[in-house]
Amino acid sequence: MASVPAPQDQWYVVQVLSGQEMKVKDNIRRRIDAEEMSDYVFSVLVPTERVSEVKGGRKMETNRKFFPGYIIVNMHLLDDRNKLVDRTWYFIRETPGVIN
Numbered sequence: 735m736a737s738v739p740a741p742q743d744q745w746y747v748v749q750v751l752s753g754q755e756m757k758v759k760d761n762i763r764r765r766i767d768a769e770e771m772s773d774y775v776f777s778v779l780v781p782t783e784r785v786s787e788v789k790g791g792r793k794m795e796t797n798r799k800f801f802p803g804y805i806i807v808n809m810h811l812l813d814d815r816n817k818l819v820d821r822t823w824y825f826i827r828e829t830p831g832v833i834n
């Protein structure tokens with residue numbers, strides 16, 4: 735059964751370099767372990783769908799991103815008084831490939 739995030743844990747959309755969504759996702763996951771941020775950052779998603787295309791007479795299946803240039807992150811970004819948690823903000827902001 736999936737855990738339900740606490741009320742202060744929200745989903746946020748993060749703008750990243752287009753075409754590097756998976757690389758940024760992997761960077762964030764590695765940094766979560768290295769910098770012990772698992773209490774602040776919980777999930778990183780790159781929503782995709784499986785698409786069938788016909789190219790050169792051959793049917794090909796590919797994954798297409800729903801939101802190119804964006805990832806979705808479940809994190810603790812605001813405290814109880816709705817103030818920004820600097821540690822989380824700068825952790826995400828300083829990840830290579832993150833734009834906004």
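Numbering (the numbering used here), first residue to last: 735 to 834. C-beta: ideal position from N, C-alpha, C; glycine also.
| Check | Outcome |
| --- | --- |
| Host alpha helix (DSSP H) of TYR824 (start-end) | 820-827 |
| Bridge-paired residues (DSSP) for GLU783 | ARG798 |
| Nearest-angstrom Cβ-Cβ length linking VAL688 and TYR774, presumed shorter than 8 angstroms | Lying before the first or after the last residue shown, residue 688 is absent from the chain, which here runs from 735 to 834. |
| Contact under 7 angstroms by Cβ, ILE762 with THR829 | yes |
| Close-in-space but distant-in-sequence residues of the same chain around MET756 (CB under 7 angstroms, 5 per side omitted) | VAL780 |
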